[in-house]
Amino acid sequence: MLTLPAPILAMTQRESFAKATAEDVHMIRSLPPLPVPESYIELITRYGYLTFDPVDDPCRFAWEYREPELSMQFKASIAAFMPAEKVKRYYSGLVLDEDEDLPKFPNFMLPIGTNWGQNNILLECGGERDRIWFWEFQPDAWGEGDNVRLGFVADSLAEFLAKLHVPEL
556 MLTLPAPILA MTQRESFAKA TAEDVHMIRS LPPLPVPESY IELITRYGYL
606 TFDPVDDPCR FAWEYREPEL SMQFKASIAA FMPAEKVKRY YSGLVLDEDE
656 DLPKFPNFML PIGTNWGQNN ILLECGGERD RIWFWEFQPD AWGEGDNVRL
706 GFVADSLAEF LAKLHVPEL
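First residue of the sequence shown? That's 556 in the working numbering, and the numbers climb one at a time after it.
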């Protein structure tokens, strides 16, 4: 059972968020070829598609590149967990779209959230853990002609939520 950290739980108690319907869950589960983690399904059905206000709820998190040639740490903020239709649209664009000029991710990566820019929070599906990754949208950021380098955020959705820096109001 997914347990929200106290500040996020308080946020869900002071305002309501649209919750995933059975149709939403079916659509999301049909996207990746591997099982979508139940922790994510529980989050969107029980608490809803959480959105974070940049002033009242500036939820910051840390992420890092874990590559030998690029080991760096950064911070970002989450703006929202995307509704099902947006998840589908982003999955189609980031994974399924055949446009060779667009970045592509493995089909087991599900875009579940965004920040205040064009960056995405990705959920790893089908593994032993529901790891969270961050994709920083930068056209040709490293002069390599593509931008599919992912930053590691957390080993699980629960850990991601627990690590969010949320000011208590």
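Idealized CB from N, CA, C, for every residue including glycine. Bear in mind the structure is a predicted one, so any value in this text is a computation, not a measurement.
Next on the checklist: Which of the three DSSP states is assigned to S711 in this structure?
Outcome noted: coil
Next on the checklist: So, for N662: in the same chain, excluding its five sequence neighbours on each side, which residues have a beta-carbon less than 7 Å away from its beta-carbon?
Outcome noted: P587, P588, V650
Checklist entry - Assuming Y645 and P658 make a contact with CB atoms under 8 Å, what is their CB distance in whole Å? => result At roughly 12 Å, the Cβ-Cβ gap does not stay under 8 Å, so Y645 and P658 are not in contact.
Checklist entry - Would DSSP call I676 helix, strand or coil? => result strand
Checklist entry - Can you tell me whether DSSP reads R704 as helix, strand or coil? => result coil
Item to check | Stretch-stretch touch, CB-based, cutoff 8 Å, three pairs: the segment 556-570 with the segment 668-688 | outcome: no
Checklist entry - Buried or exposed: where does G668 fall if 16 or more other Cβ atoms within 10 Å of its Cβ makes it buried? => result buried
Next on the checklist: Are the CB atoms of L712 and P592 within a distance shorter than 8 Å?
Outcome noted: yes
Next on the checklist: If contact is defined by three or more beta carbon pairs under 8 Å, each pair taking one atom from either stretch, is the segment 574-584 in contact with the segment 614-625?
Outcome noted: no
Next on the checklist: Suppose the cutoff is 8 Å on Cβ atoms and the five residues either side in sequence are ignored; what does the same chain contact list for K630 look like?
Outcome noted: R615, F616, A617, W618
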